[in-house]
Structures are given as structure tokens and as C-alpha cells.
Amino acid sequence: MVNPWLAMETGADPVERTRTVRRAHTAFLADGTVAPPVRRVVADSWRRSADARAAADGAAPIDLDEAALGAYRDGHPLARAMPVFRELLGSFAQDGAHLLAVCDPLGRLLWVEGHRGVRRSAERMNFVVGARWDERHAGTNAPGTALAADHAVQIFAAEHYNRQVQRWTCAAAPLHDPRTGRLLGAVDITGGDHLASPHSLALVQATARAAEAHLAAHVPELGVCLSALGRDEALLVVDGERLRLGRRHSEIMVLLARHPAGLTGDQLSVLLYGERDMRPVTLRAELSRLRHLVGTLLHSRPYRLSRPVETDLCVVEESLAAGEAHSALGAYRGPLLPLSEAPGVQRLRGALEDRLRRALLDARDPGLLGEWSRSPWGEDDLEIWEALVDALPERSPARSAPMATADRLRAAYGLTGGSTGAVRAPAAAHVATFTQPPRL
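Numbering (the working numbering), first residue to last: 376 to 815.
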């Protein structure tokens, strides 16, 4: 069976593959259709890139300047794994043909290392530290697609969405926090067509696993963690073992984690189903299936969790309570279970988003406002765009783009008024639909 994450099967002609994929890429940009030999993982990534209006030409944007990069990089968990990356990939990256790169969960390159000549060549497409290489900003590429799919992947030549990147081939693998299971970033090797082999993909996968093991060795206690921000299906990690939950089980776990003292069947039913007339057997069946998955973690009479559970929801709330808007935004991966219609989850989701938005608006920091406005859940948030305009110096050339976006959104919402924030969007205007591929 062909590995769908490998760029080419053994014996394939790279020149012919480049030619046929380039034709397919041109057709996709023209009419949105895509067909073999384009791999499904690449076709899906092209569609995500197009939906995000990623540039098909041009350089990736710089998201972190030199001053901000140093402190952020030094404090990032992957800084502790750099010795592993350098030991396993360092000589590979110094051979004059490859680069080693490590990015954070937003696709921001934190380290780019290798032969000076190769680095200089990569600089022409902004493959440099501080640049944003997620799919949303750079289109299909190995680190960005590895983050989006949460899987190791090769991207070969013309499979890149951005034409400027199509002379390169890369392989990347995601990395996870061993305690929480949350995505920390990705490790990548970038070079020429010769990287389109099983060896390069296996190498980055093995390096990612070794780095995670290195990080786990320095974690004194693993515990129980639940990640549900920006995910339709929550990730539960119990003593290092990861389990992806179904949507209803995700809702139940979020609600029980929120109520450590426990909930009666009637209370939990209202939070899950609202005032609908649901038979008690329906809830009992869901809880029975959940208990089969999590074992003694779930207790009954009342329904409760037997161990403390750290949630990514609480991480954001604790940062907000401490007045640390930057940390809160960094920990916010998107709306809580975005597709959930459970009333209890909807209330939690709305309350968290409102608190975070208010903290950003009160901080009046252009960097924080800009980061929210560039996110899938913030791109149509008129109030944030107007606040960004207000926060920038009046004569700053950086003001023109957010002002144009604010004007466009104001017209779309049927509002009138100036561009300086005097008129705000309706309350629902900042709500955006956001989904991500499920992550294990």
C-alpha cells in the first residue's frame, strides 16, 4: 500500500512528476479543480490555502521581529529539544544542500540552520526566523501542512502552493507536549528533489519522537490534560497516553472538568441537550461508552472525574486573570469545541472569547490585535480591526491595510461611520466559524 504522506513512490520520475503536478497546480488556480496525480493530502492543503487566500506568489510574511523573537524563542518548550534536533539533523543540515528548521504551532520559524549558501537562497522566499509558514500565510509546505494535518508529511516541488517555493522539497513532522499532548510545533528539513524519498520522512519522524522523549524525561508528573480549544474532537491525555474523543464525549469531558464536584444526571443532561425532552437512557448510554474509553477516570453518583484535569480552557482563563493578555492569546488555539451546540459548551465558549477579546481591546497592543485579526476566528471581527487602526500611529503606513479591512467589514455589516472606531459591529459580527482537522 502506498504511503499517502510520501511525495513519490519508488521508481517515479521526479521530472515528469514535477511537470504533471505543475499543470495540475495551474488548473487548480484557474478553476479550483484538482485530480490525480495530486495526492489527497496536497489537494486538501491547496483547498485550505485557497480558502485562506494564501498568496500563490510572493514571500511569506515576517511575524516576529528580532527583538520579539529572542525572548519568545528562549522561553519556548522546543528550545529544550534543540540539542536533539542538532544531534540528529545537524550534520544533514550542514552538508551544503539542506536546512533544518523548527517552527511553533502558528508556523512561525524559530530556528533555521544549515549551510550559509543554502540559507541565503532560502532567504529569497523569506524562509527565515520570524517568518510565518503556516498554510494560511505561506500555502502548502511541509511544516505548515504537518501542523494542519498533525502528521509527518513530504511536500515535493510543484506540490507547494506558492510558486516561489516550488524549486524546494521538504519533509516535516509535528511535535507534541508529552504532558498535555498539545501541539508544540514542527521540525523540518528542506532541500532539493532528492528529499522526496522514504528516508527523509522517516528521519524527521524519528527526530520528532526522540525530541518528545527528551522532553518527557524532564516532566516530573504527567497527570490528566484535556485540549478542546480549536478542536471539534477533544484530545485527552492520561499519564502520557493520548486519546481522541468523539464530539459528544468531548462535550461531556469539558463539562465534567468544569464541575469537579460532579453533576447529577439531570444537570448534565440540561448542559448537553438543553430543555429538549431527552430520555435518561440516552445520557446513560453515552456515559457508559465514555467509561469504556477512560475507565476509572469517570465516576458516577454524581457524575465526576476522579482526578484533577488540566484544560487548555483553564490555561487561557488563568492568564487572563493574571492580566497577561499575551500569554492568554498564545494559549488560545481557537473557539472551544467550535461545532458543539451543547448549551453548556456554548456558554463557556462565548464567555472565554468575550473575555479574551476584551483583554485585547483594553491592552491596545497593535501586535496582539494584529494577531487576533489574522486568525480564522478574528478575520471578520470589525471591532478588533477598528481597534487596531486606533492603536497604530496616525501617520504609520501600517495603518492603511487594517483601515481598508475595517471599511470593507463595515460596509458588509451595513454600518456607517468613520474608520476610527466610533461605530462598532453588531455583537455577532466577530463570530467566525472555525474548524481544524482532528488532531491525535
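For glycine and all other residues, C-beta sits at the position ideal for the given N, C-alpha and C. Everything numeric in this text was worked out from a predicted model, so none of it was measured.
Considering only C-alpha positions, which residue in the set Ala571, Ile564, Gln539 is nearest to glutamine 469? Taking the sequence shown and counting its residues from 1, the one referred to as residue 469 is at position 94. It is Ile564 whose Cα lies nearest to the Cα of glutamine 469.
Close beta carbons around valine 377, own chain, < 8 Å, minus the five adjacent residues each side: Sequence index remark: in the sequence shown, residue 377 carries index 2 (1-based). So the qualifying residues of the chain are Glu384.
Minimum C-alpha distance to glycine 445 - residue among Val504, Arg423, Arg659, Met628: Looking up residue 445 in the sequence shown gives position 70. It is Val504.
Residue nearest to alanine 434 in terms of C-alpha spacing, selected from Met457, Arg428, Met500: As a first step, residue 434 must be located in the sequence shown, where it is residue number 59. The shortest Cα separation from alanine 434 among Met457, Arg428, Met500 belongs to Met500.
Along the chain, where does the alpha helix (DSSP H) containing isoleucine 437 start, and where does it finish? Position 62 of the sequence shown, counting from 1, holds the residue named residue 437. Premise fails: isoleucine 437 is in no alpha helix (DSSP H) and is neither H nor E.
Considering only the beta carbon of each residue, do arginine 752 and proline 718 sit closer than 7 Å? As a position in the sequence shown, residue 752 is number 377, starting the count at 1. As a position in the sequence shown, residue 718 is number 343, starting the count at 1. According to the sequence as given, residue 752 is tryptophan; it is not arginine. No; because the gap between Cβ atoms is not below 7 Å, this pair is not in contact.
Count the CB pairs spanning the region 448-462 and the region 422-429 that are closer than 8 Å, and state whether there are at least three. Taking 8 Å as the limit for Cβ pairs, the verdict is that the region 422-429 does not touch the region 448-462.
Select from Gly560, Leu712, Leu736 the residue whose C-alpha is nearest the C-alpha of leucine 865. Since the first residue of the chain shown is 376 and the last is 815, residue 865 is not available in this structure.
If you compare alpha carbons, which of Gly598, Glu391, Glu758, Ala546 is closest to histidine 526? Taking the sequence shown and counting its residues from 1, one reaches residue 526 at position 151. The candidate whose alpha carbon is nearest that of histidine 526 is Ala546.
Spatially closest choice to leucine 463 from Val594, Gln580, Thr791, Leu784, by CA coordinates: Residue mapping note: residue 463 aligns to position 88 of the sequence shown, counting from 1. Ranking the options by Cα distance to leucine 463, first place goes to Gln580.
Euclidean distance between Cα positions of phenylalanine 531 and leucine 704: Against the sequence shown, residue 531 aligns to sequence position 156. Against the sequence shown, residue 704 aligns to sequence position 329. Using only the alpha carbons, I get a separation of about 33 Å.
Touch test, the region 630-643 against the region 673-682, Cβ-Cβ under 8 Å, three pairs minimum: yes
Taking leucine 731 as the reference, give the member of Ala762, Arg739, Ala766, Val691 with the closest Cα. Taking the sequence shown and counting its residues from 1, the one referred to as residue 731 is at position 356. Checked all of Ala762, Arg739, Ala766, Val691; the closest Cα to leucine 731 is Val691.
Span separating the alpha-carbon of proline 768 from that of arginine 774: Within the sequence shown, residue 768 is the residue found at index 393, counting from 1. Within the sequence shown, residue 774 is the residue found at index 399, counting from 1. Approximately 8 Å, taken between the alpha carbons.
Are valine 594 and valine 613 close, meaning C-beta to C-beta below 7 Å? As a working note, residue 594 is residue 219 in the sequence shown. As a working note, residue 613 is residue 238 in the sequence shown. No, these two residues do not count as a Cβ contact at 7 Å.
Go ahead and label serine 375 buried or exposed: buried means 16 or more other beta carbons lie within 10 angstroms of its beta carbon, across all protein chains shown. Nothing about residue 375 can be reported from this structure: the residues present for the chain run from 376 to 815 only.
Comparing alpha-carbon positions, which option in Trp747, Gly742, Asp740, Ala766 lies nearest aspartate 729? In the sequence shown, residue 729 corresponds to position 354, counting from 1. The candidate whose alpha carbon is nearest that of aspartate 729 is Trp747.
Serine 794 to threonine 671 span [Cα, whole Å]: As a first step, residue 794 is located in the sequence shown; it is residue number 419 there, counting from the start. As a first step, residue 671 is located in the sequence shown; it is residue number 296 there, counting from the start. Low confidence applies here, because serine 794 scores a pLDDT of 49, under 50, leaving its location unreliable; read the following figure in that light. Rounded to whole angstroms, serine 794 to threonine 671 spans 56 Å at the Cα level.
When you compare each of Arg654, Leu695, Val413 to alanine 738 by their alpha carbons, which one comes out closest? Working through the sequence shown from its first residue, we reach residue 738 at position 363. Comparing Cα-Cα distances from alanine 738 to each of Arg654, Leu695, Val413, the minimum goes to Leu695.
Whole-angstrom C-beta distance between valine 416 and proline 379, which should lie under 8 Å: Indexing the sequence shown from 1 puts residue 379 at position 4. Indexing the sequence shown from 1 puts residue 416 at position 41. So it is a contact: roughly 6 Å between Cβ atoms.
Cα-Cα, which of Ala513, Arg722, Ile627, Ala762 is closest to arginine 538? For the purposes of this step, residue 538 is identified with residue 163 of the sequence shown, where counting begins at 1. Among Ala513, Arg722, Ile627, Ala762, the Cα nearest to that of arginine 538 belongs to Ala513.
When Asp568, Leu646, Arg507 are compared against arginine 722, the one with the closest alpha-carbon: As a working mapping, residue 722 is identified with position 347 in the sequence shown. Selection Asp568, Leu646, Arg507 evaluated against arginine 722 yields Leu646 as nearest (Cα-Cα).
Which residues bound the beta strand (DSSP E) around phenylalanine 531? For the purposes of this step, residue 531 is taken as residue 156 along the sequence shown, with counting starting at 1. Run containing phenylalanine 531: 528-531, per the beta strand (DSSP E) assignment.
Check the DSSP bridge columns for glutamate 616 and list the partner residues they point to. Within the sequence shown, numbered from 1, the residue matching residue 616 stands at position 241. Looking at the DSSP assignment, glutamate 616 forms a beta bridge with Val613.
Tell me whether histidine 569 is buried or exposed, calling it buried when 16 or more other Cβ atoms sit within 10 Å of its Cβ. On the sequence shown, position 194 is the one that residue 569 refers to. Counting Cβ neighbours within 10 Å, histidine 569 comes out exposed, since fewer than 16 surround it.
Relative to the C-alpha of glycine 386, which candidate in Ala548, Ala571, Ala561 has its C-alpha closest? On the sequence shown, residue 386 is found 11 positions in, with the first residue counted as 1. Here the closest residue by C-alpha is Ala571.
Between which residues of its own chain and glutamate 510 is the CB-CB distance below 7 Å, once the five residues before and five after are set aside? Here residue 510 refers to the residue found at position 135 when the sequence shown is read from its first residue. For glutamate 510, where only same-chain residues beyond five positions count, the Cβ hits under 7 Å are Ser420, Arg423, Ser424, Ala427, Ala429, Gly519, Thr520, Ala523.
Determine, using beta-carbon pairs with one atom in the region 602-611 and one in the region 622-629, whether at least three such pairs fall under 8 Å. yes
What residue does the alpha helix (DSSP H) around aspartate 765 start on, and which one ends it? Taking the sequence shown and counting its residues from 1, the one referred to as residue 765 is at position 390. That run of the alpha helix (DSSP H) goes 757-766.
Given alanine 548 as reference, the closest of Arg619, Leu475, Ala787, Leu668 once Cα atoms are compared: Translated into positions along the sequence shown, residue 548 becomes position 173. That would be Leu475, whose Cα lies nearest to the Cα of alanine 548.
Please determine if the region 549-556 and the region 392-410 are in contact, where contact requires at least 3 C-beta pairs separated by less than 8 Å. no
So, with DSSP's three-state summary, where would you put serine 771? For the purposes of this step, residue 771 is taken as residue 396 along the sequence shown, with counting starting at 1. Look at serine 771 here: in three-state DSSP terms it is coil, with no helix or strand label.
Candidates Arg770, Thr780, Ala382, Ala418: which alpha carbon is nearest proline 573's? Sequence index remark: in the sequence shown, residue 573 carries index 198 (1-based). Considering only alpha carbons, the answer is Ala382.
Helix, strand or coil: which one does DSSP assign to alanine 506? Translated into positions along the sequence shown, residue 506 becomes position 131. Note: alanine 506 maps to strand in three-state DSSP.
According to the Cβ coordinates, are arginine 483 and aspartate 440 closer than 7 Å? The sequence position of residue 483 within the sequence shown is 108, counting from 1. The sequence position of residue 440 within the sequence shown is 65, counting from 1. The answer is no: Cβ separation not under 7 Å.
So what's proline 710 in DSSP terms, helix, strand or just coil? Here residue 710 refers to the residue found at position 335 when the sequence shown is read from its first residue. Coil at proline 710, not helix or strand.
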